[in-house]
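Going by the numbering used here, the sequence shown opens with residue 53, and the numbers climb by one from there.
In this text, a Cβ means the ideal position worked out from N, Cα and C, and glycines have one as well.
Note that this is a predicted model, so its numbers are computed, not measured.
Heads up: the structure comes next, in structure tokens.
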Amino acid sequence: MKEKPKMYQNHINKIFHNNKQIYNSLDYLNQKNDIRDIRKKINDIITANSFIYSKLVNIKVGNKIIMRKIIGIDHDNLVTIDNEYIPIESIQDIYV
């Protein structure tokens with residue numbers, strides 16, 4: 053049998069950086085999941101049987117923990133009893 057010609061094989065002498073890009077994209081997705089988790093916590097507080105009109109909660113915004121009575125959600129804001137609007141994106145954690 054006749055020998056066939058060999059295929060061209062490129063030499064691999066590159067440095068690959070694609071793992072860093074994948075890691076960064078996954079980290080970005082984890083930040084988006086945190087906003088969903090915060091929305092779920094807020095909905096759990098509002099839909100609880102103990103929530104009648106307002107509920108005193110601790111809200112972590114930046115480096116501060118503030119105590120406010122929340123009454124509901126308006127678009128992408130958390131509404132307090134003092135008619136203060138707190139953007140949900142700025143909330144890092146919320147608990148009773």
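> Using DSSP with H/G/I as helix, E/B as strand and the rest coil, what is Asn95?
Replying inline: helix
>> Between which residues of its own chain and Lys112 is the CB-CB distance below 6 angstroms, once the five residues before and five after are set aside?
In response: Gln144, Asp145
>> Does the structure place the stretch 87 to 106 close enough to the stretch 123 to 142 that three or more beta carbon pairs sit under 8 angstroms?
In response: yes
> Whose C-beta lies closer than 6 angstroms to the C-beta of Asn110 among residues of the same chain, with five residues either side of it excluded?
Replying inline: Ile117, Met119, Tyr147
> Quick one: what does DSSP say Asp145 is sitting in, helix, strand or coil?
Replying inline: strand
>> Once the 5 residues before and after Lys121 are set aside, which same chain residues still bring their CB inside 7 angstroms of it?
In response: Ser106, Lys107, Leu108, Thr132, Ile133
>> At the level of alpha carbons, what is the spacing between Ile98 and His127?
In response: 15 angstroms
> What residues match up with Lys116 in a beta bridge as DSSP calls it?
Replying inline: Val113
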